[in-house]
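**Q** To convert, count from 1 in the sequence shown and add 15; that's this note's numbering. Every residue gets a Cβ at the ideal spot worked out from N, C-alpha and C, and that includes glycine. Values in this document were obtained by computation on a predicted structure and should not be read as measured data.
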Amino acid sequence: MEKKRIGIIGGGISGTCLGYHLSLYDQAEVTVFEKNTVGGASTAKSAGTVCLFDDSLKNRYWDVRLYGFESYLKMEAEEKGSAGFDKTGTLVVATNEEVEKVIQTGIALAKAAGYTGEYITDKDRIKEILPDISTENILGAGYTQDDGYFDGTMISNTYAKKLQANGGVVKTGVEVTEIKVEDNKVKGLKTSEGIEYTFDVVVDCTGPWSKFTGEMAGVDVPIWHTKAEAFFLCPPGKKLDYTFPVLKYPEFYALRAGNNIFICKSHLSMDLNNPMHAGQWDPDKLPATGGTDEYFIDFLLDQLEAKVPGIVDSGLVSSWLSYRAEPKDFWPILGETPVEGYLLATGYGGNGVIEAPAASRDLAKLIMVGESTPLLENWAFKRLLEQ
Ligand SMILES: Cc1cc2nc3c(=O)[nH]c(=O)nc-3n(C[C@H](O)[C@H](O)[C@H](O)COP(=O)(O)OP(=O)(O)OC[C@H]3O[C@@H](n4cnc5c(N)ncnc54)[C@H](O)[C@@H]3O)c2cc1C
Numbered sequence: 016m017e018k019k020r021i022g023i024i025g026g027g028i029s030g031t032c033l034g035y036h037l038s039l040y041d042q043a044e045v046t047v048f049e050k051n052t053v054g055g056a057s058t059a060k061s062a063g064t065v066c067l068f069d070d071s072l073k074n075r076y077w078d079v080r081l082y083g084f085e086s087y088l089k090m091e092a093e094e095k096g097s098a099g100f101d102k103t104g105t106l107v108v109a110t111n112e113e114v115e116k117v118i119q120t121g122i123a124l125a126k127a128a129g130y131t132g133e134y135i136t137d138k139d140r141i142k143e144i145l146p147d148i149s150t151e152n153i154l155g156a157g158y159t160q161d162d163g164y165f166d167g168t169m170i171s172n173t174y175a176k177k178l179q180a181n182g183g184v185v186k187t188g189v190e191v192t193e194i195k196v197e198d199n200k201v202k203g204l205k206t207s208e209g210i211e212y213t214f215d216v217v218v219d220c221t222g223p224w225s226k227f228t229g230e231m232a233g234v235d236v237p238i239w240h241t242k243a244e245a246f247f248l249c250p251p252g253k254k255l256d257y258t259f260p261v262l263k264y265p266e267f268y269a270l271r272a273g274n275n276i277f278i279c280k281s282h283l284s285m286d287l288n289n290p291m292h293a294g295q296w297d298p299d300k301l302p303a304t305g306g307t308d309e310y311f312i313d314f315l316l317d318q319l320e321a322k323v324p325g326i327v328d329s330g331l332v333s334s335w336l337s338y339r340a341e342p343k344d345f346w347p348i349l350g351e352t353p354v355e356g357y358l359l360a361t362g363y364g365g366n367g368v369i370e371a372p373a374a375s376r377d378l379a380k381l382i383m384v385g386e387s388t389p390l391l392e393n394w395a396f397k398r399l400l401e402q
């Protein structure tokens, strides 16, 4: 059987994870093009939380969450540090009955899969886990010790290494400058090296850049950028004397980052119609650090004052701005587009680390075997045309 030649644009978690899943098929010939470094863009600025239960991904996508989590646990078990796992546990706070119900269902799912999880209403016990929290105005909290956060850049590099071991090619420092389309069918692409490559399939995994790369194929990729502004706080007294868990509220989340605490407004609380939250910008102009707005730090400090007052007097150590690629309905865009052979794996928004393994598993199957899955149907490009 002839090999299928697949070109992937983008070496973030989306492109490397897809490249790895494709490389598991004998008939796949995979080349990943990354204009800078592997996992160095949005993926590097990510918090990397993959929690067993929280509000970032609906419980109906439990398989996606579990497959992501267990893929990274397996990676970490094969080689310590290769997924950068920090097992801090997660505390998800219920501020109303709707959130409480979601947490309880999530706990049941996690327990059925063999993990620990408990819904705690005893406020003293919640304070034992997170002494700096305010337990006023909360109903309870879900807690597990089994999860935490990962390192997206480490994961991307591990996937890149694995796909190369399976015969794939990763070209870093090589920008795709043209996508060759004839009679509405992809033929290949051209790069900044001035080389033309022939491909049967080109998959665009450029996340926040996919608006621009899509134009090269004549496809209007309907994504917006939401601002992901992350702030690093040094808690009062310099060092916390307890393990700060991933802390999730509907409005924001926080986690341990070395001796500091990372805080960020949650992606599902972003409004695409608010120009302070969302727009369409040039990701090449993002600075490595800084570039943040007063609005977001003020919002987060107000949140901390009400909810985690024990750390509100922290010093601000650093901050960064990044863009999350969000379609209008905040779900990814996977699979076929109106141009034959030009596929998308983009729009992961604030959940790319969680979602990339299951999405890549299914997309690789579609490309290599021609079989779709319910996940691909739900996250297909065509749903956005229908909307
Ligand atoms: C602050 C923040 C916190 C987050 N927290 C979480 C979290 O806790 N959990 C979670 O699951 N997700 C989280 N996310 C979301 C997650 O990080 C993203 O969804 C994911 O990293 C997107 O990966 P990607 O590969 O699509 O994009 P990117 O990592 O941006 O990769 C795209 C790549 O394409 C390359 N590229 C672009 N154009 C070209 C071209 N023409 N030729 C070659 N290469 C090109 C770029 O250089 C880049 O490396 C967070 C994101 C941010 C910003």
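#1: Only counting the same chain, and skipping five residues up and downstream in sequence, which positions put a Cβ closer than 6 Å to that of S375?
#2: Examine ligand 1 and report whether any of its heavy atoms sits within less than 7 Å of the Cβ of V114.
#3: Entirely within the stretch 24 to 88 and at least 4 residues each: give me those alpha helix (DSSP H) ranges in chain order.
#4: Where are the beta strand (DSSP E) runs, 3 residues long or more, that stay fully inside the stretch 172 to 206, in chain order?
#5: Start and end of the alpha helix (DSSP H) containing N152?
#6: Could you tell me whether any non-hydrogen atom of ligand 1 is closer than 7 Å to the CB of F345?
#7: So, helix, strand or coil for V216, using DSSP?
#8: Measuring only the C-alpha atoms, how far is Y8 from N111?
#9: Going by beta-carbon coordinates alone, are L248 and V261 separated by less than 8 Å?
#10: Could you tell me the distance, in whole angstroms, from the CA atom of T103 to the CA atom of E211?
#11: Leaving aside the five residues before and after C60 along the sequence, list all residues of the same chain whose C-beta is less than 6 Å from its C-beta, in chain order.
#12: Using a Cβ-Cβ distance cut-off of 8 Å, determine whether P223 contacts chain C.
#13: Alpha carbon to alpha carbon, how far is Y134 from E17?
#14: Can you tell which of T64, I118, Y76, E94 has the C-alpha that lies nearest to the C-alpha of F165?
#15: What are the complete beta strand (DSSP E) segments, minimum 3 residues, inside the stretch 294 to 347?
#16: Inspect the CB distances between the stretch 319 to 327 and the stretch 133 to 149 and report whether three or more fall short of 8 Å.
#17: Could you pull out every residue in the same chain whose Cβ sits closer than 6 Å to the Cβ of V184, ignoring the five residues on either side in sequence?
#18: Please report the distance separating the alpha-carbon of W224 from that of K142.
#19: What separation, rounded to the nearest whole angstrom, lies between the Cα atoms of F259 and F214?
#20: At a threshold of 7 Å, does K280 count as lining ligand 1 (C-beta to nearest heavy atom)?
#21: Shorter than 7 Å, the distance from the beta carbon of P302 to the closest heavy atom of ligand 1, or not?
#22: Taking DSSP's pairing of strands, which residues face H292 in a bridge?
#23: Give me whichever residues DSSP pairs with L359 in a beta bridge.
#24: Nearest to V191 by alpha carbon, out of G367, E370, G25, F311?
**A** Concretely, from the data shown:
#1: By 1-based counting over the sequence shown, the position of residue 375 is 360. Excluding the 5 residues flanking it on each side, S375 has same chain C-beta neighbours closer than 6 Å at C32, L33, H36, in chain order.
#2: Along the sequence shown, one-based indexing puts residue 114 at 99. Because no heavy atom of ligand 1 lies under 7 Å away, the Cβ of V114 does not count as near it: no.
#3: List check, alpha helix (DSSP H) in window: 28 to 38, 57 to 60.
#4: Within the stretch 172 to 206, the complete beta strand (DSSP E) runs of at least 3 residues are 184 to 187, 191 to 197, 200 to 206.
#5: Here residue 152 corresponds to residue number 137 of the sequence shown, with the count starting at 1. Premise fails: N152 is in no alpha helix (DSSP H) and is neither H nor E.
#6: Mapped onto the sequence shown, residue 345 falls at position 330. For ligand 1, not one heavy atom lies less than 7 Å from the Cβ of F345.
#7: The count along the sequence shown starts at 1 and reaches residue 216 at position 201. Strand.
#8: For the chain, the structure presents residues 16 to 402; residue 8 sits outside this window and is missing.
#9: Locating residue 248 in the sequence shown gives position 233, where the first residue counts as 1. Locating residue 261 in the sequence shown gives position 246, where the first residue counts as 1. With contacts defined by Cβ atoms closer than 8 Å, L248 and V261 do not form a contacting pair.
#10: If you number the sequence shown from 1, residue 103 lands on position 88. If you number the sequence shown from 1, residue 211 lands on position 196. Here the C-alpha atom of T103 lies approximately 47 Å from the C-alpha atom of E211.
#11: Counting from one through the sequence shown, the residue named residue 60 turns up at place 45. It is Lys, not Cys, that sits at residue 60 in the sequence shown. Same-chain partners within the cutoff: W335, S337.
#12: Absent here is chain C; the protein component of the structure consists of one chain.
#13: To locate residue 134, count along the sequence shown from 1; it is residue 119. To locate residue 17, count along the sequence shown from 1; it is residue 2. When only Cα atoms are considered, Y134 and E17 end up about 53 Å apart.
#14: Taking the first residue of the sequence shown as 1, we reach residue 165 at position 150. Closest option to F165, judged by alpha-carbon separation, among T64, I118, Y76, E94: T64.
#15: Secondary structure remark: continuous beta strand (DSSP E) runs of at least 3 residues inside the stretch 294 to 347, in chain order: 330 to 341.
#16: Yes, the stretch 319 to 327 touches the stretch 133 to 149.
#17: Residue mapping note: residue 184 aligns to position 169 of the sequence shown, counting from 1. T46.
#18: By one-based count along the sequence shown, residue 224 stands at place 209. By one-based count along the sequence shown, residue 142 stands at place 127. Going from the Cα of W224 to the Cα of K142 covers about 43 Å.
#19: Your numbering for residue 259 matches position 244 in the sequence shown. Your numbering for residue 214 matches position 199 in the sequence shown. Approximately 47 Å between the Cα atoms of the pair.
#20: Position 265 of the sequence shown, counted from the start, is the residue given in the question as residue 280. Answer for K280: no, Cβ out of range of ligand 1.
#21: Counted from its first residue, the sequence shown places residue 302 at position 287. Taking 7 Å as the cut-off, one finds no heavy atom of ligand 1 near enough to the beta carbon of P302.
#22: Along the sequence shown, one-based indexing puts residue 292 at 277. By DSSP's assignment, H292 forms no beta bridge with any residue.
#23: In the sequence shown, counting from the first residue as 1, residue 359 sits at position 344. Its beta-bridge partners are D219, G350.
#24: Stepping through the sequence shown from its first residue, residue 191 is reached at position 176. Residue G25 is the option with its Cα nearest to V191.
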